[in-house]
Structure formats: structure tokens, C-alpha cells
Amino acid sequence: MAIASLSPAGPVDDLVTIDEALAFLDQSGHGVSKTTLNRWIARHHIAVTRRGRKNRVSMSDLLIAQRDEMDRMTAG
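Residues are numbered in the working numbering as their position in the sequence shown, beginning at 1, plus a constant of 3.
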């Protein structure tokens, strides 16, 4: 009897538009302006991917950038 091998899962596609990211952050209670979000994207070198007519960024990368920015604000 053969045993079926499982393939490792591919990377999760967590790309969101800037507007989707802003809406998520607003709902979380930690909203920021579009200007601030774009500043974070540049400061943290977050990759911007074009899909169709919209630019998309990784939500995971944005959340890490948000954490780092909050740490930076509270540290000093």
C-alpha cells in the first residue's frame, strides 16, 4: 500500500490594497492616515506589488512595521 505524501503549503497570499490596510487598522482601533501608512511602507522597505490597477502590500509586513513604529513612539 502506498502512502500519499503531503506537499508543503505554499506561501499565504496576504497582499492587500492600501485602502484595505487602512480599513483593517481603523477597525483594530489603531488607525493611521494614508500618508502615515505610505511613510511606514517607505521607512520599512515594504515591497509594493502591482496587481491589476491596484498597488498591494503584505499585511503581515505592515503589522510588523506598525509594531515597530509603536515601539519607537513609546521608547522615546
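Yeah, the Cβ is synthetic: ideal placement off N, Cα and C, and Gly gets one too.
Everything numeric in this text was worked out from a predicted model, so none of it was measured.
Remark: C-beta atoms of V51 and R42 do not approach each other more closely than 9 Å.
The C-beta distance from A24 to L65 rounds to 5 Å, short enough to fall under 8 Å.
Relative to the Cα of R46, the nearest Cα in the group D16, I67 and D22 belongs to I67. In this model, L18 and M62 are separated by some 6 Å (Cα to Cα). Under the DSSP definition of a beta bridge, V60 partners with V19 and V51.
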